[in-house]
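Chemist: What follows is a single structure, and I will ask about it in a moment.
Protein chains: 2
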Amino acid sequence: MTYCLGILTKFGLVMAADSRTNAGVDYISTYQKLFDLSQPGERILLLCTSGNLSVTQGALTLLRQDLQSGAEVNLHTLPNFYEIARYIGEKLRQIQEQDRSWLQQDGIDATCTVILGGQIKGQEPELYMIYSQGNCIHATKDTPFLQIGETKYGKPILDRTLTFETPLEAAAKCALLSIDSTMKSNISVGPPISLVMYEINSFRIKHELRLRIGAPYLAQIRRHWEACLRQAFECMPEIEWEHALQDSNEDIPID
Amino acid sequence: MTYCLGILTKFGLVMAADSRTNAGVDYISTYQKLFDLSQPGERILLLCTSGNLSVTQGALTLLRQDLQSGAEVNLHTLPNFYEIARYIGEKLRQIQEQDRSWLQQDGIDATCTVILGGQIKGQEPELYMIYSQGNCIHATKDTPFLQIGETKYGKPILDRTLTFETPLEAAAKCALLSIDSTMKSNISVGPPISLVMYEINSFRIKHELRLRIGAPYLAQIRRHWEACLRQAFECMPEIEWEHALQDSNEDIPID
């Protein structure tokens, strides 16, 4: 599996991804899943991918070919994020059309999902999710993050701490903790973690980070986080128990 | 969906469950999923159920009928937890055999899962998971908890804080937080939360709790937990960024 997320706040964007790919449990590899296809100074385009690796790699190859060949329609010429998202969706469809029947014969899942974040000069920053079927949705102020892949383990921490008002540094820490929580609970998500921060209206990537296995900072935040959780437990209000079911084998009463 | 968990530590057992049942998003009900079928003073038997409600309710009815009719083989006569788990598995199979072909015709999932925890006098406390297929596994000191239903959201908190040495009060708080995290992130898991604590070699339920929606304690632990998470963020070590991708549209380098 994979775990990638994008966060859109009033201050900009954070995008993060793990790097583990597996075909069954006995074939585990490291693949980059966070890609920068920006035109610095003009438009920022960051992509995270999950799902069938041959489909996402194929689609990325087509996207790059259109850029390199100066095709009329490419990531740097399309006028807005909706059209860019639809264009990426078209590439996903194209590769799936080529391969789907052959993959399905052997029961192989051809689906994939892409997160696209960035900003075009003169426009607001945007964050999109592009589905395997080529359709797309975008993040809003109410739910300022999008996740793909193995999303459940890392969702509670986002739900509890992220809003559209969250500063970028805090959003970046939140993204790291969300991925680290997922790595701890699910072996199909693994390091290195890639993380990118983009500040609104800068049209330059502000910060980039790649945390390898055994990175001191990763160990440090994990220690810090576990210590905080333990401390939070210790000072948690005592449970006010109702009553014991003494000498009774009645079921626990229903409300 | 459902979220139930059982925790086995050297001090005893904690079992907890939510109460939401849904058949699609437009039919949501409250059903008890934690059942006490103990013989106080002799053997403690606590069950949590998830999955197809007609199968789990049917199996519970058969288990109770055997108890009430004084059948030779019942929950209170079987000599150990492995045999009790297999016996419960037989009841699950029996109901599924009756209904599976009819359910499958309409694409309805007939599967279910049961957690069984407790202690028989003269034996150690045990914690079992009984699968829909009738087979079973048991918790060990290495991983002292078992989960059923919507398990992923609430797993990181267990992975980070629970060991076989965890005191029962802390384990109970951990179970509540694990369920509360799941409720916050997934609408198919909902209150009331049922929680039971059993202290080793007591052969009596020590504590019982049922937290309804809007229960002050539930609001209190949620406030406490969110405040702790925010505080943990604020004092988290600053990210040591590597370098910005200035004026470059190269992909982020692969290790």
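Respectively, the protein sequence lines represent chains A and B. For the first sequence, position 124 (counting from the first letter as 1) is numbered 736 according to our numbering, and the numbering increases by one without interruption. For the second sequence, position 34 (counting from the first letter as 1) is numbered 646 according to our numbering, and the numbering increases by one without interruption. Even for Gly, the Cβ is constructed at its ideal location relative to N, Cα and C.
Is the beta carbon of M795 (chain A) less than 8 Å from the beta carbon of D630 (chain A)?
Modeler: Against a cut-off of 8 Å, the Cβ pair of D630 (chain A) and M795 (chain A) comes out as a contact.
Chemist: Counting only the same chain and skipping the five closest in sequence on each side, list residues whose C-beta sits under 8 Å from that of D792 (chain A).
Modeler: I805, L830, I833, R834, W837
Chemist: Contact defined as beta carbons within less than 8 Å: I believe L646 (chain A) pairs with L658 (chain A). What is the distance between those atoms, to the nearest angstrom?
Modeler: With a Cβ gap of about 7 Å, L646 (chain A) and L658 (chain A) count as contacting.
Chemist: Taking the CB atoms as reference points, tell me whether M848 (chain A) and K785 (chain B) lie closer together than 8 Å.
Modeler: yes
Chemist: Following the continuous alpha helix (DSSP H) through E709 (chain B), name the residue where it begins and the one where it ends.
Modeler: 693 to 717
Chemist: Please report the residue range of the alpha helix (DSSP H) in which H836 (chain A) lies.
Modeler: H836 (chain A) -> alpha helix (DSSP H) spans 828 to 846.
Chemist: Throw me the rounded Cβ distance for the Y810 (chain B) and G624 (chain B) pair, which I believe falls under 8 Å.
Modeler: Your pair Y810 (chain B) and G624 (chain B) checks out as a contact, with CB atoms roughly 5 Å apart and the cut at 8 Å.
Chemist: Residues in its own chain within less than 6 Å of T633 (chain B) by CB, not counting five upstream and five downstream?
Modeler: S641, Y643, L665
Chemist: Can you name the start and end residues of the beta strand (DSSP E) that D648 (chain A) belongs to?
Modeler: 646 to 648
Chemist: For L728 (chain A), tell me which candidate among A:D718, A:Q735, A:Y694, A:K753 has the shortest Cα-Cα distance.
Modeler: The shortest Cα separation from L728 (chain A) among A:D718, A:Q735, A:Y694, A:K753 belongs to A:Y694.
Chemist: When the Cα of Y639 (chain A) is compared with those of A:S800, A:R822, A:A827, which residue comes out closest?
Modeler: The shortest C-alpha separation from Y639 (chain A) is found at A:S800.
Chemist: Using a beta-carbon distance below 8 Å, is L821 (chain B) in contact with chain A?
Modeler: yes
Chemist: Looking at the unbroken beta strand (DSSP E) that takes in T725 (chain B), where does it start and where does it end?
Modeler: Counting along the chain, the beta strand (DSSP E) containing T725 (chain B) begins and ends at 724 to 732.
Chemist: Where does E709 (chain B) land, buried or exposed, given buried means 16+ other C-beta within 10 angstroms?
Modeler: exposed
Chemist: Report back the beta-carbon spacing between S797 (chain B) and D754 (chain A) to the nearest angstrom; my notes put them in contact at under 8 Å.
Modeler: 15 Å between Cβ atoms; not a contact.
Chemist: Cβ of R705 (chain B) less than 8 Å from any chain A Cβ?
Modeler: It does not; no Cβ of chain A falls within 8 Å.
Chemist: Do we get a CB-CB distance below 8 Å when we pair L774 (chain A) with the residues of chain B?
Modeler: Not closer than 8 Å to any Cβ of chain B, the Cβ of L774 (chain A) fails to qualify, so no.
Chemist: Which word fits R842 (chain A), buried or exposed, when buried means at least 16 other C-beta atoms lie within 10 angstroms of its C-beta?
Modeler: exposed
Chemist: Can you list, in chain order, the residues of its chain with a C-beta nearer than 6 Å to that of K684 (chain B)? Leave out the 5 residues immediately preceding and following it.
Modeler: As written in the sequence, residue 684 (chain B) is Glu, which differs from the Lys given in the question. Excluding sequence neighbours, E684 (chain B) sits near nothing in its chain.
Chemist: Would you identify the three-state DSSP class for G618 (chain B), choosing helix, strand or coil?
Modeler: Of the three classes helix, strand and coil, the one that applies to G618 (chain B) here is strand, per DSSP.
Chemist: Can you list, in chain order, the residues of its chain with a C-beta nearer than 7 Å to that of G701 (chain B)? Leave out the 5 residues immediately preceding and following it.
Modeler: I742, G746, N747, C748
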